[in-house]
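Since the structure comes first, as structure tokens, the remarks are kept for the end.
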Amino acid sequence: MPEILDQARTQVLENGVGLDEAGVLAVLNLPDEHLPAALQLAHDVRMRWCGPEVEVEGIVSLKTGGCPEDCHFCSQSGLFTSPVRSVWLDIPSLVEAAKQTAATGATEFCIVAAVRGPDARLMKQMREGVAAIKAEVDIQVAASLGMLSQEQVDELVDMGVHRYNHNLETCRSYFPNVVTTHSWEERWETLRMVRESGMEVCCGGILGLGETVEQRAEFAAQLAQLDPHEVPLNFLNPRPGTPLGDRPVVEGKDALRAIAAFRLAMPRTILRYAGGREITLGDLGTRDGLLGGINAVIVGNYLTTLGRPATADLQLLDDLKMPVKALSATL
1 MPEILDQART
11 QVLENGVGLD
21 EAGVLAVLNL
31 PDEHLPAALQ
41 LAHDVRMRWC
51 GPEVEVEGIV
61 SLKTGGCPED
71 CHFCSQSGLF
81 TSPVRSVWLD
91 IPSLVEAAKQ
101 TAATGATEFC
111 IVAAVRGPDA
121 RLMKQMREGV
131 AAIKAEVDIQ
141 VAASLGMLSQ
151 EQVDELVDMG
161 VHRYNHNLET
171 CRSYFPNVVT
181 THSWEERWET
191 LRMVRESGME
201 VCCGGILGLG
211 ETVEQRAEFA
221 AQLAQLDPHE
231 VPLNFLNPRP
241 GTPLGDRPVV
251 EGKDALRAIA
261 AFRLAMPRTI
271 LRYAGGREIT
281 LGDLGTRDGL
291 LGGINAVIVG
301 NYLTTLGRPA
311 TADLQLLDDL
321 KMPVKALSAT
331 L
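One point on numbering: in UniProt numbering, the residue at position 97 of the sequence shown is 97, and numbering is uninterrupted.
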């Protein structure tokens, strides 16, 4: 057994203290033959510190495309030649999407907008949309609307939004290679205000943007410092027309190593499968990740890419005897 896994068994599994950046890097560099042991340890950590339940979430885009930012992985940027164009979703469609999400057994419905930050029109649409959903659907509402002011944070709390997603996307040292129209620090400031407001913080990123293994470890350590309630883990699904459209996808074993490493860095955090797992891991790898530290999934399609059918994920959870987290348990 590699020394880092022996260390993690005592430090993380027994004591609940996550690995530091050097420890995460050691896990990310484990040879293939030790990957099953790392995944098993990560699963044991998840079961001990999070329990067996899996949180299921659906997402919908309230405003798609036409974003002024230049996030190099994103087909919703209005600066690239990718085929996504600006579209707004009306309130009845938003409510219907929430109903469909709830019908899968999901406890969480996240409203997403492709913007730098919300303007008055978007905040009005959010207020009306959240109220309409809460009137008709028994589901928690989360939001992801870009960078916020303190006034907007307070307004979202007043609406009843209980969790806010704002991804750091990658580590601080690599961020300028991925986004130039705003800074990593600006994103961090929004997350600080969200945490202080009492909303749950959802913050993750995308692996496979061109970062080194060392920068992947740096990212895990920075997320652990933030201590978010939830970390959505995406793997780059290269989008045509974006600056990263020709990048190769993450190797399946590297993705699984990252899942184990991020779990060992954050033993108590909800670690959620998000975009890109379908092409990076496939069905077998998806199962391996659920048995290697993952304890939440986004079901159905993502914002501009297709996901697995919700029924396939729910059947897999049933096969693995992993209970879906009941809504009543989170209210």
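For each residue, glycine too, the CB sits at the ideal point set by N, CA and C.
Sequence-distant residues of the same chain with beta carbon closer than 6 Å to residue i, five excluded per side
{"i": "E211", "result": "T170 and Y174"}
{"i": "M266", "result": "G18 and A224"}
{"i": "Y273", "result": "I294 and V297"}
{"i": "G16", "result": "W49 and P267"}
{"i": "R195", "result": "V201"}
{"i": "L207", "result": "F235, V250 and A258"}
{"i": "A102", "result": "V137 and I139"}
{"i": "K99", "result": "V137"}
{"i": "S197", "result": "V153 and V157"}
Cβ-based burial, residue i [other Cβ within 10 Å; buried from 16]
{"i": "L271", "result": "buried"}
{"i": "D313", "result": "buried"}
{"i": "D288", "result": "buried"}
{"i": "L306", "result": "Annotation note: pLDDT 41 at L306 (below 50); position unreliable, no value reported."}
{"i": "V231", "result": "buried"}
{"i": "E57", "result": "buried"}
{"i": "E55", "result": "buried"}
{"i": "E278", "result": "buried"}
{"i": "R216", "result": "buried"}
{"i": "A135", "result": "exposed"}
{"i": "R239", "result": "buried"}
{"i": "E108", "result": "buried"}
{"i": "A120", "result": "exposed"}
{"i": "S86", "result": "Legend: pLDDT at S86 = 40, less than 50; position of this residue unreliable, value from coordinates given subsequently. Looking at its Cβ environment, which holds fewer than 16 other Cβ atoms inside 10 Å, S86 is exposed."}
{"i": "G51", "result": "exposed"}
8 Å CB neighbourhood of residue i in its chain, flanking five on each side removed
{"i": "P118", "result": "M126, L145, G146, L148 and Q152"}
{"i": "H229", "result": "R163, E200, V201, C202, T269 and I270"}
{"i": "T180", "result": "D70"}
{"i": "E214", "result": "L25"}
{"i": "G129", "result": "L62, I91, L94, V95 and I111"}
{"i": "R9", "result": "L41"}
{"i": "L281", "result": "F235, G252, A255, L256, D288 and G289"}
{"i": "I133", "result": "L94, V95, A98, F109, I139 and V141"}
Of the listed residues the options, nearest to residue i (C-alpha basis)
{"i": "V161", "options": "N177, N167 and A143", "result": "A143"}
{"i": "Q11", "options": "Q222, V45 and F73", "result": "V45"}
{"i": "L290", "options": "T269, G275 and L320", "result": "L320"}
{"i": "Q140", "options": "A8, E251, M47 and A106", "result": "A106"}
{"i": "F262", "options": "P2, E14 and E21", "result": "E21"}
{"i": "F73", "options": "P248, L316 and L284", "result": "P248"}
{"i": "D32", "options": "L316, A260 and M159", "result": "A260"}
{"i": "H182", "options": "L13, A131, L39 and P68", "result": "P68"}
{"i": "M1", "options": "L13, H34, Q315 and E14", "result": "H34"}
{"i": "A114", "options": "G282, I59 and L39", "result": "I59"}
{"i": "G227", "options": "V213, R239 and L191", "result": "The sequence given here has Asp at residue 227, not Gly. Ranking the options by Cα distance to D227, first place goes to L191."}
{"i": "E218", "options": "L13, R172 and M47", "result": "R172"}
{"i": "A38", "options": "K99, D254 and V112", "result": "D254"}
{"i": "Q150", "options": "A131, I133, G129 and E186", "result": "E186"}
{"i": "N237", "options": "A221, G275 and A220", "result": "G275"}
{"i": "A131", "options": "A120, R121, G282 and M159", "result": "M159"}
{"i": "G292", "options": "R116, E189 and P36", "result": "P36"}
Inter-residue CB distance, residue i and residue j (contact presumed, cutoff 8 Å)
{"i": "A42", "j": "L264", "result": "6 Å"}
{"i": "L209", "j": "W184", "result": "About 13 Å separates the two Cβ atoms, so there is no contact after all."}
{"i": "G252", "j": "L233", "result": "Incorrect: roughly 14 Å between the Cβ atoms, too far for contact."}
{"i": "M123", "j": "E155", "result": "6 Å"}
{"i": "L256", "j": "G285", "result": "7 Å"}
{"i": "N165", "j": "C110", "result": "6 Å"}
Close beta carbons around residue i, own chain, < 7 Å, minus the five adjacent residues each side
{"i": "I4", "result": "G23, A26 and V27"}
{"i": "L331", "result": "Confidence at L331 is low in this model, with a pLDDT of 26, below 50, so its placement is unreliable and the value that follows should be read with caution. Contacts found: none."}
{"i": "residue 345", "result": "Outside the shown range of the chain, which is 1 to 331, sits residue 345, and nothing can be said about it."}
{"i": "G245", "result": "P238 and R239"}
{"i": "L13", "result": "L41, D44, V45 and R48"}
The ligand MG heavy atom lying under 7 Å from the CB of residue i
{"i": "V115", "result": "Ligands in the displayed structure: none, and consequently the ligand MG is not present."}
CB contact below 8 Å: residue i versus chain C
{"i": "N15", "result": "Looking at the structure shown, chain C is missing, and only one protein chain is on hand."}
Unbroken beta strand (DSSP E) runs of length 3 or more, entirely within the region 10–70: which are they? 55–64
Of all the alpha helix (DSSP H) runs that stay within the bounds of the region 98–171, which reach a length of 4 or more residues? Within the region 98–171, the complete alpha helix (DSSP H) runs of at least 4 residues are 120–136 and 150–159.
Taking the runs of the alpha helix (DSSP H) that are 4 residues or longer, which of them lie wholly in the region 187–275? 213–226 and 252–265
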